[in-house]
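One structure is given here, and the rest of the page talks about it.
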Amino acid sequence: MKTFQCHCGNSLHFENSQCFSCDRMVAYLPDEKQLSALEPIVSGNWTALLNNQQYRQCKNFSDFNVCNWMLAASDDEVLCVSCSLNQTIPNLDEAKNLTLWYRIESAKRRLLYTLYSLSLPVVGRQQDSCRGMGFAFLQDEVTQDEFNNELYIKQSVATGHNSGMITINLLEAEHASRLEMRDKMNERYRTLLGHFRHESGHYYWDCLINDTDRITGFRELFGDERLDYQQSLKTYYDQGPPKRWQDTWISAYASMHAWEDWAETWAHYLHMVDTVETAHDFSFRIHGHIVSEPALEPDPTNMPLTSGYVTPILFEELFDDWCRLSVALNSLNRSMGMDDAYPFVISDVALKKLRYIHNIISEVSVQSQVTCFPIQNVASD
Numbered sequence: 011m012k013t014f015q016c017h018c019g020n021s022l023h024f025e026n027s028q029c030f031s032c033d034r035m036v037a038y039l040p041d042e043k044q045l046s047a048l049e050p051i052v053s054g055n056w057t058a059l060l061n062n063q064q065y066r067q068c069k070n071f072s073d074f075n076v077c078n079w080m081l082a083a084s085d086d087e088v089l090c091v092s093c094s095l096n097q098t099i100p101n102l103d104e105a106k107n108l109t110l111w112y113r114i115e116s117a118k119r120r121l122l123y124t125l126y127s128l129s130l131p132v133v134g135r136q137q138d139s140c141r142g143m144g145f146a147f148l149q150d151e152v153t154q155d156e157f158n159n160e161l162y163i164k165q166s167v168a169t170g171h172n173s174g175m176i177t178i179n180l181l182e183a184e185h186a187s188r189l190e191m192r193d194k195m196n197e198r199y200r201t202l203l204g205h206f207r208h209e210s211g212h213y214y215w216d217c218l219i220n221d222t223d224r225i226t227g228f229r230e231l232f233g234d235e236r237l238d239y240q241q242s243l244k245t246y247y248d249q250g251p252p253k254r255w256q257d258t259w260i261s262a263y264a265s266m267h268a269w270e271d272w273a274e275t276w277a278h279y280l281h282m283v284d285t286v287e288t289a290h291d292f293s294f295r296i297h298g299h300i301v302s303e304p305a306l307e308p309d310p311t312n313m314p315l316t317s318g319y320v321t322p323i324l325f326e327e328l329f330d331d332w333c334r335l336s337v338a339l340n341s342l343n344r345s346m347g348m349d350d351a352y353p354f355v356i357s358d359v360a361l362k363k364l365r366y367i368h369n370i371i372s373e374v375s376v377q378s379q380v381t382c383f384p385i386q387n388v389a390s391d
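Going left to right, the sequence shown walks through residues 11 to 391 as our numbering numbers them.
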């Protein structure tokens, strides 16, 4: 994730909706992939000082302040490209849910920023009602007594993916609840952003692997996804991961099934790309090594040769930067008495899987168009 700059020269961060130096409203312009300061105009629209174009606030920006993305003034939609992917939002009759929704939307927009930066296809339910990407933010159904005290959970919401629809349990946005679940599941890492990245992996498995000629290479590395998913899930929770799972999988949960191995590895790849981009933006050097820019950006001067994109960074360069950076991050966290930022060890086998994902994303990024194939699997965490 990059930092941005206000018209006044002040530094801006991705979630900002106001510059604390000049007090201008600022917002993210998806068409520019940039944060910009804005000036109000008589029509009710805003002029972006970045490009002098007119924009409107997303309805979730103007009404609820849970979004900071804009739409072009000529756009007929009321929701930005991020919020338009939502199929179900939290029940806002409950006051705390607005705060939880804000946290969820912030994590989702960070996911989308990376997906767009990598030129991955994002097809919403409006374009494809059966297999497009959509989001549902739901909460457990709880029974209450006559004094409104919670008695027990009547229906629990599972965070997961099903035919393009990504469901996030609202409790994942409650820090205490998420940490409690992390300890209960014996996990060392559990974040909202991690959930979004993991579940997006299931979506892109359907788009990029399922029913394509890539399936053979996938099975050679990740295993046979045709094995019974529900039985694999039961075996994992009954018996735990295999001994020495670290030799083969990037996380214990990845050992459960080939789909989960892919989704976990996909999430870790997005962790790497986004964090390395942040380090590059801050001009990090680790032991004299400059952290490189990992993402692809349009290169108008070279469009006929590369379909508009520069050559992807070599995987070895990305991974070397990540290894040096993750060690530094963990050391910094320990200096603050905090848990490791990246509590994982990447084996040679897991490294091959990460390289496989990198190569697929690099291939897709330079294609002019990608077709999403029929979605068949159902996966939940």
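Don't be surprised by glycine CBs; every beta carbon is placed ideally from N, CA and C.
In chain order, ASP41, GLN63, GLN64, TYR65 and ARG66 place their CB closer than 8 Å to the CB of ALA82, counting only its own chain and leaving out the 5 sequence neighbours on each side.
Non-local C-beta neighbours of GLU209 in its own chain, meaning closer than 6 Å and more than five positions away in sequence, comprise HIS171 and ILE176, ordered along the chain.
Beta-bridge annotation (DSSP): GLU49 is paired with THR57. Counting along the chain, the unbroken alpha helix (DSSP H) around ILE367 starts and ends at 358-375. If you look at PHE147, you'll find it in the beta strand (DSSP E) that goes 144-148. Annotated three-state conformation of HIS297 is coil, per DSSP.
Nearest C-alpha to ASN61 among VAL88, CYS16 and GLN97: CYS16.
Boundaries for GLN249: no beta strand (DSSP E) harbours it, while the alpha helix (DSSP H) harbouring it runs 239-249, taken from the DSSP string.
Within the same chain, and ignoring the five residues on either side of TYR112 in sequence, the residues whose Cβ sits closer than 6 Å to its Cβ are VAL76. Closest option to LEU121, judged by alpha-carbon separation, among GLY211, VAL374 and TYR246: GLY211. Taking 3 residues as the shortest admissible run, the segment 95-151 contains the following complete beta strand (DSSP E) segments, listed from N- to C-terminal end: 96-98 and 144-148.
In this structure SER129 is not in contact with ASP150, their Cβ atoms being roughly 37 Å apart against a cut-off of 8 Å.
At least 8 Å separates the beta-carbon of LYS12 from that of TYR126.
For the pair of segments examined, the segment 296-303 was found to touch the segment 331-342: the number of CB pairs separated by less than 8 Å reaches three. Membership of MET191 in the alpha helix (DSSP H) is indicated by the continuous run 185-194.
Take TYR199, set aside five residues on each side of it, and the residues of its chain with a beta-carbon closer than 7 Å to its own are PRO353, in chain order. Secondary structure at ASN75: coil, using DSSP grouped into helix, strand and coil. For TRP215, the CB contacts under 6 Å within the same chain, skipping 5 residues up- and downstream, are TRP272 in chain order. Scanning CYS18, SER31 and CYS217 for the CA closest to the CA of LEU59 turns up CYS18. Assigned with DSSP and collapsed to three states, GLN15 falls in strand.
Note on CYS68: 16 or more other CB atoms within 10 angstroms of its CB, so buried under the neighbour-count rule. A straight-line Cα-Cα distance of about 30 Å links GLY233 and LEU335.
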